[in-house]
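There are 2 protein chains.
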Amino acid sequence: MPHQLAPEEVSPDGVDFLPGLALDFVVFGFHQNQLKILLLEYWNTGLFALPGGFIRRDENLNDAARRVLAERTNLSDIYLEQFYIFGDLARHDTTPLRAIMEAKGLAPTKGHWLLNRFVSVGYYALIDFTKAVPIPDLLSDTCDWYELSALPTLMLDHRDIVQKALETLRADLDRKLIGFNRWAAPLLSETFTMTDLQSLYETILGQKLRRSSFQRKILSMDILERLDKKYTGGAHKAPYLYRFILENKLH
Amino acid sequence: MPHQLAPEEVSPDGVDFLPGLALDFVVFGFHQNQLKILLLEYWNTGLFALPGGFIRRDENLNDAARRVLAERTNLSDIYLEQFYIFGDLARHDTTPLRAIMEAKGLAPTKGHWLLNRFVSVGYYALIDFTKAVPIPDLLSDTCDWYELSALPTLMLDHRDIVQKALETLRADLDRKLIGFNRWAAPLLSETFTMTDLQSLYETILGQKLRRSSFQRKILSMDILERLDKKYTGGAHKAPYLYRFILENKLH
DNA sequence: TTATTATTGTTCTAAAATGAGACAATAAGC
DNA sequence: GCTTATTGTCTCATTTTAGAACAATAATAA
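Line order of the protein sequences matches chains A and B. So the first sequence is numbered by the numbering used here: it starts at 67 and just counts up by one. So the second sequence is numbered by the numbering used here: it starts at 67 and just counts up by one.
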């Protein structure tokens, strides 16, 4: 016999979600030497927000995260990591959601499931910019990439969430050098030049690195496989292309 | 007008908590060159668990953590950090809690608030072993220190929670060298010898460090104030005592 | 064909950090 | 005063890093 629910415990779609708990995603992509993240724009309101979702009662938390992210990006097998839980009371401002619901023709009735206080689990994801197919959710109009350095104003505390995600990303960049091949790989295409990789580093860390030191360090890690040269048409020496050696090939 | 609640949304004490969300604490203390954590033992069941608690509807998440921790240790102003959210379905095993409730004379009625699925926010805390006064909660018999290297069997996934906390602690030990004086300070008493500090490092990292290198590195950080010598009565040179220079004195 | 140019892979040297040990200083016990 | 254990500091070899230099080389222009 299924668990009995009070009406306000059920989401608008009638799906059986855990109440009061949400997921928010900072989805990083890397394109043209810029870090970008996915944002939703809500119909007719000018409001921007991070992609998010809820957890089913019969679902592991991290599985819920994978499911929601797959719905937004059309990608499975995504590099995904929890980084913080946001649970301030100040989050509980129903103004933007009321506007969004009304613009969608939904009645923001008192006690509506969506208008309760939510504690939100922050995840960051690293994905291949070229492979993702951003898909809006039920309440939003568009789902698209925005440069991290030029984000629109975000609703609620979503700006803080992005900031915290970026800090975690930076810390992890240092910390996860072991296994780095699996970590950074999702942000780059299958093959890349050393300059591409350095540029990714520099963009995440927000500072310039020395070319010779960077190359020496990365090469000494034995995580790259050198492929053919890449002839770009530029009037200069052609760089080698590299590929990450997969984990199972390392040992 | 207060929010209307279904009966099963209210905790046994009648306090208005957020449903389905709990807090679990890995409280680290350092004593006699051993890392220890606080555990609760439940009355008449032989069950051990991490200290935990719930979030009031009118309370920030992190404030709830401070409140609960103060209730368990009689300490305020504790170094506290989120490290993970545990949300697997496998957590939802009501067997131990039923036993605990029955041993306490509480009826584990179907749909009882405590028997629902809980997603739990993991916090780790660093406190001065000598200053804490461990206090059991309503359902437990004792609250005491246990050596990390010799923990009893813990209920549910609490062993995993401890493991994850320890991994985070180790990673943070490297990462937080800046501000280290504030970070490690809670684990040591006000004054300490260089050997004490090195021992703390070695215990957290689980490996021996070279004495001269450690001393050179720590002293070069300019975060320690050298005080008088400590005469222990041992037949050898007396070590200096040190104290962390407070943050506001650093600049 | 031959310079020219921009970028790359590699090498070199000086500086800095670290590893591993040596050594003198010194409390307390004998 | 001698011994013992531990400490603070110093030394030297090794490793790592910073910073610059240099040769190689695609494409372009002369």
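For glycine and all other residues, C-beta sits at the position ideal for the given N, C-alpha and C.
- At a C-beta separation below 9 Å, V134/A has no neighbours in chain B, since its nearest C-beta there lies roughly 13 Å away.
- The C-beta distance from L239/B to L205/B rounds to 33 Å, too long to fall under 8 Å, and the pair is not in contact.
- Residue nearest to D207/A within the set A231/A, F96/A, L106/A and K102/A is L106/A (criterion: CA-CA distance).
- Look at the beta carbons and you see the segment 133 to 142 of chain A not touching the segment 142 to 150 of chain B: under three pairs across the two are nearer than 8 Å.
- Look at V185/B: its C-beta is under 8 Å from a C-beta on chain A.
- In this model, N99/B and L253/B are separated by some 11 Å (Cα to Cα).
- Taking a cut-off of 8 Å on C-beta distances, the segment 118 to 133 of chain A touches the segment 149 to 156 of chain B, as three or more cross pairs fall below it.
- Interface with chain B (8 Å Cβ-Cβ cutoff): L127/A is included.
- Around the beta-carbon of R138/A, 16 or more other beta-carbon atoms lie within 10 Å, marking it buried.
- Cβ-Cβ separation between V228/B and L87/B: approximately 20 Å, too far for a contact (criterion under 8 Å).
- L217/B is not a Cβ neighbour of T259/B, given a cutoff of 8 Å.
- In the three-state reduction of the DSSP assignment, V199/B falls in the coil class, being assigned neither a helical nor a strand state.
- In the DSSP assignment, P305/A falls outside any beta strand (DSSP E) and carries neither an H nor an E.
- Taking each of F149/A, D210/A, Q273/A and F96/A in turn and checking the Cα distance to A115/A, the smallest one comes out for D210/A.
- According to the DSSP assignment, T208/A belongs to the beta strand (DSSP E) that extends over S206 to E213.
- Among the residues of the segment 129 to 163 of chain B, those with a Cβ less than 7 Å away from any Cβ of chain A are Q148, Y150, I151, G153, D154 and L155, in the order of the chain.
- Residue contact with chain A for L181/B: absent (no Cβ-Cβ distance below 8 Å to any residue of chain A).
- F149/B places its beta carbon less than 8 Å from that of T234/B.
- Interface criterion not met: the Cβ of I166/B is under 8 Å from no Cβ in chain A.
- Put simply, the CB of G86/A is near chain B, with a gap under 8 Å to one of its CB atoms.
- In the three-state scheme derived from DSSP, where H, G and I count as helix and E and B as strand, K295/A is classed as strand.
- For the segment 114 to 126 of chain A, the set of positions with a beta-carbon nearer than 8 Å to some beta-carbon of chain B reads I121, R123, D124, E125 and N126 in chain order.
- The beta carbon of L192/A is closer than 6 Å to those of F94, Y145, P252 and L253 in its chain, skipping five residues each way along the sequence.
- By the criterion of a C-beta distance shorter than 7 Å, D294/B is surrounded in its chain by L307, once the five residues flanking it on both sides are discounted.
- CA-CA distance, S279/B to L285/B, rounds to 10 Å.
- Per DSSP, the beta bridge partners of V93/B are A191/B.
- Under the DSSP assignment, E168/B falls in the alpha helix (DSSP H) whose first and last residues are T161 to A169.
- Burial state of A173/B is exposed, judged by a 10 Å Cβ sphere holding fewer than 16 other Cβ atoms.
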